[in-house]
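Numbering (this note's numbering), first residue to last: 16 to 312. Where a beta carbon is used, it is the ideal one built from N, C-alpha and C, also for glycine. Everything below concerns the one structure shown next.
See the structure below:
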């Protein structure tokens, strides 16, 4: 149920992948609340001497999109890169509207995605403990309808201006805080997920991840993200077409076509955190490396 009647704006970040962008839009158009929602499309500019034709193809397609209450296209004159574009775009929209739903150009959503996001944005709007709502969940069996895990995530997510204010762009400061509080091992799901290494690589300039900084920012504040028990998002970008993404089907799950709303205790689920640990441990080493590359770089 959408309590306050005010739907969250949707922000979609695109670049040069026309086919992927079409799949993302076509799935989003089938969502129950699409026609009542405002859509903002941030189109990153082409790199010098590269991508210009592909970027223009995506922009031309964006101009033809229908099916939403309003559509606003923001065309970057230069290539900002994914991290800078997302941080700027999220900041601009969430500070104006107070809440936001965020997608990238390779995320196919369930028809229930917008309903799930908007309902939970309203349900947990005033609870300072909750940082974000997440639409994707790993292919882990026997999860509850919804549960909380510490930190934040990045494959189809939503948040509020009050939570986004906690985002710290300073990777070195975040890493120092983790070390000072002895939280590296816990942050990495008992050493099974390479978050601190990724943060270190960000500091060295070897990646430009916004998502690792979003995750650690909320983790350090002991804030929680809400996960669904079955995924409302499927990533179709793991085909070697996107930034830092290689080819893999390891994270595919069938989309959940049923809207489930359940108010639960606002507390991290130790049981489900252990299930995450087991899942990460079950991955082969080469798949593990792909995992953190794809999700957070």
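Would you call the segment 185–198 and the segment 214–234 in contact, with 3 or more CB pairs under 8 Å?
yes
* To do: For the beta strand (DSSP E) holding residue 89, just list the boundary residues, first then last.
  => 85–90
Mind checking whether the beta-carbon of residue 158 lies closer than 7 Å to any heavy atom of the ligand GDP? No copy of the ligand GDP appears in this structure; indeed no ligand is present at all.
- Message: Restricting to Cα atoms, I'd like to know which of 74, 296, 84, 95 is closest to residue 223.
- Response: 95
query: For residue 39, which beta-bridge partners are listed by DSSP?
result: According to DSSP, which records beta bridges pairwise, residue 39 is partnered with nothing at all.
Practice item. Would you please state the rounded distance, in angstroms, between the beta carbons of residue 232 and residue 182? I believe it to be under 8 Å. Key: 5 Å
- Message: Suppose the cutoff is 8 Å on Cβ atoms and the five residues either side in sequence are ignored; what does the same chain contact list for residue 277 look like?
- Response: 160, 161
Query - the segment 18–38 in contact with the segment 53–69 per 3-pair CB rule at 8 Å - result: yes
- [ ] For residue 86, I'd like the list of residues in its chain whose CB is within less than 6 Å of its CB, leaving aside the five on either flank, ordered along the chain.
- [x] 54, 80
>> Which runs of the alpha helix (DSSP H) at least 4 residues long sit entirely within the segment 39–83? Give them in chain order.
In response: 67–79
Practice prompt. Indicate the three-state DSSP secondary structure (helix, strand or coil) for residue 139 in the structure shown.
Written response: coil
Next item on the list: Measure the C-alpha to C-alpha separation of residue 239 and residue 252 and round it to an integer number of angstroms.
Entry: 26 Å
Checklist entry - Considering only residues of the same chain and omitting the five flanking positions on each side of residue 125, which have a CB-CB separation below 7 Å? => result 247, 270, 271, 272
**Prompt:** Tell me, which residues are paired with residue 250 by DSSP?
**Reply:** 122
ask   = Count the other CB atoms within 10 Å of the CB of residue 156; is the residue buried (16 or more) or exposed (fewer)?
value = exposed
**OP:** Assuming residue 210 and residue 242 form a contact by the criterion Cβ under 8 Å, report the distance between their Cβ atoms to the nearest whole angstrom.
**Re:** Between residue 242 and residue 210 the Cβ distance is about 17 Å, and since that is not below 8 Å, they are no contact.
- Query: What three-state label does DSSP hand residue 232 in the structure shown?
  - Reply: helix
Inset, instruction - Kindly confirm or deny that the segment 129–144 and the segment 57–67 touch, where touching means at least three C-beta pairs closer than 8 Å. - result: no
Margin query: Taking 7 Å as the limit between beta carbons, can you name the residues of its chain near residue 294, skipping five residues before and five after?
Written below: 153, 155
Rounded to a whole number of angstroms, what is the C-alpha to C-alpha distance between residue 110 and residue 204? 32 Å
- Rounded Cβ spacing between residue 29 and residue 73 (contact assumed at less than 8 Å): 5 Å
Note to self: Can you check which of these residues, 84, 39, 101, is closest to residue 59 by C-alpha distance?
What the structure shows: 101
Notebook entry, point to check: Under a three-way DSSP split, which group does residue 259 fall into?
Noted result: With a pLDDT of only 42 at residue 259, under the threshold of 50, the placement of this residue in the model should not be trusted; the figure read from the coordinates follows. Residue 259: coil per DSSP, three-state reduction.
**Report entry** Chain-order list of residues whose beta-carbon lies under 8 Å from that of residue 90 (same chain, five-residue window excluded)
**Finding:** 58, 60, 74
Whole angstroms is fine: what's the gap from residue 97's alpha carbon to residue 88's? 16 Å
Taking DSSP's pairing of strands, which residues face residue 97 in a bridge? Beta-bridge pairing links residue 97 to no other residue.
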